[in-house]
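Residues 9 to 230 in my numbering are what the sequence shown spells out, letter by letter.
Comments concern the structure below.
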Amino acid sequence: MGQTYKLAEHFISINGEGQLAGELALFLRFAGCNLRCSYCDTLWACGKDAPHEVVSLSRIVDIAKDAIENGVRNVTLTGGEPLLQPGINDVIGRLTALGLQPEIETNGAIPLKDFCAPCRPKFTMDYKLPSSRMEQHMCTENFALLHEWDTVKFVCGTRADVFRAKEIAELYKPSCPLYLSPVFGQIEPAEIVEIMKEQKMTRFRLQLQLHKFIWDPMERGV
Ligand code: SF4
Numbered sequence: 009m010g011q012t013y014k015l016a017e018h019f020i021s022i023n024g025e026g027q028l029a030g031e032l033a034l035f036l037r038f039a040g041c042n043l044r045c046s047y048c049d050t051l052w053a054c055g056k057d058a059p060h061e062v063v064s065l066s067r068i069v070d071i072a073k074d075a076i077e078n079g080v081r082n083v084t085l086t087g088g089e090p091l092l093q094p095g096i097n098d099v100i101g102r103l104t105a106l107g108l109q110p111e112i113e114t115n116g117a118i119p120l121k122d123f124c125a126p127c128r129p130k131f132t133m134d135y136k137l138p139s140s141r142m143e144q145h146m147c148t149e150n151f152a153l154l155h156e157w158d159t160v161k162f163v164c165g166t167r168a169d170v171f172r173a174k175e176i177a178e179l180y181k182p183s184c185p186l187y188l189s190p191v192f193g194q195i196e197p198a199e200i201v202e203i204m205k206e207q208k209m210t211r212f213r214l215q216l217q218l219h220k221f222i223w224d225p226m227e228r229g230v
């Protein structure tokens with residue numbers, strides 16, 4: 009079967025976050041994550057026993073071709089942490105060759121330098137703030153590898169997180185768009201806007217997780 013991948017689920021839906029928010033995309037969710045964020049909403053896909061299908065590259069290509077027949081042009085690789093899958097560069101390469109635009113949702117704890125060639129995908133990279141309890145795992149050298157078509161997402165669970173996001177942006181000066189995303193049910197978006205105004209955080213955009221408003225917050229496969 010050659011190289012295989014642990015695919016937890018695949019479906020077509022709208023992108024909930026990032027620069028392509030609201031656009032249809034094929035989602036490939038891979039099983040396994042090296043972090044355990046306090047607010048994780050996909051913990052079921054993170055552990056060693058996460059339910060998954062073992063799939064070959066050609067199975068992924070078939071899934072992608074189906075999506076293309078349905079007019080989809082974006083593909084989001086998510087998890088868990090998709091970059092933990094051995095051979096994921098081959099998946100990125102094949103999806104790109106099919107004419108899709110791969111976007112990788114990565115947790116900020118994986119060095120991106122190994123995934124910038126031969127086919128450079130679009131990265132939506134999290135920076136884990138203090139309330140996640142995972143900030144010590146962040147690979148800050150990744151900031152230097154980001155381009156304007158990438159995104160950094162700061163998931164904020166507390167007011168202190170918003171201030172920390174500002175500090176990090178001032179320290180590493182990433183050239184790409186920066187999003188502040190409230191943890192659903194933990195901090196009011198209006199509170200974040202107040203801090204943005206007060207602190208003149210003009211480099212940031214507030215983004216709500218669309219899925220949490222459209223579907224049940226715990227719904228899978230949407
Ligand atoms: S990195 Fe993402 S998938 Fe992994 S534990 Fe944190 S929120 Fe969950």
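Think of the CB as a built atom: it goes at the ideal place given N, C-alpha and C, for glycine as much as any other residue.
Below 8 Å between beta carbons: does that hold for Ile20 and Leu34?
yes
Short check: CB of Gln109 to CB of Leu65, under 8 Å?
no
Pairwise C-alpha distance: Leu106 and Tyr135
So the alpha carbons of these two residues sit roughly 30 Å apart.
Could you give the distance in angstroms between the alpha-carbon of Cys127 and the alpha-carbon of Ile100?
7 Å
Which stretch, first to last residue, makes up the beta strand (DSSP E) that contains Ala33?
Leu32 to Phe38
Contacts around Cys48, its chain only, beta-carbon distance under 7 Å, and the 5 residues preceding and following it disregarded:
Cys54
Shorter than 7 Å, the distance from the beta carbon of Thr159 to the closest heavy atom of the ligand SF4, or not?
no
Tell me where the alpha helix (DSSP H) around Ala117 begins and ends.
Segment: none, Ala117 is in no alpha helix (DSSP H) and carries neither H nor E.
Under a three-way DSSP split, which group does Thr148 fall into?
helix
Does at least one heavy atom of the ligand SF4 sit under 7 Å from the Cβ of Gly88?
yes
Write down the C-beta distance between Thr50 and Gly88 rounded to the nearest angstrom, noting that I regard them as a contact closer than 8 Å.
7 Å
Could you tell me if Gln215 is buried or exposed, where buried requires 16 or more neighbouring beta carbons within 10 angstroms of its beta carbon?
buried
Can you tell me whether Ile195 is helix, strand or coil according to DSSP?
coil
Once you ignore the five residues that flank Trp52 on each side, which residues in its own chain have a CB closer than 7 Å to its CB?
Ala58
Can we count Thr84 as close to the ligand SF4, meaning its CB is less than 7 Å from some heavy atom?
no
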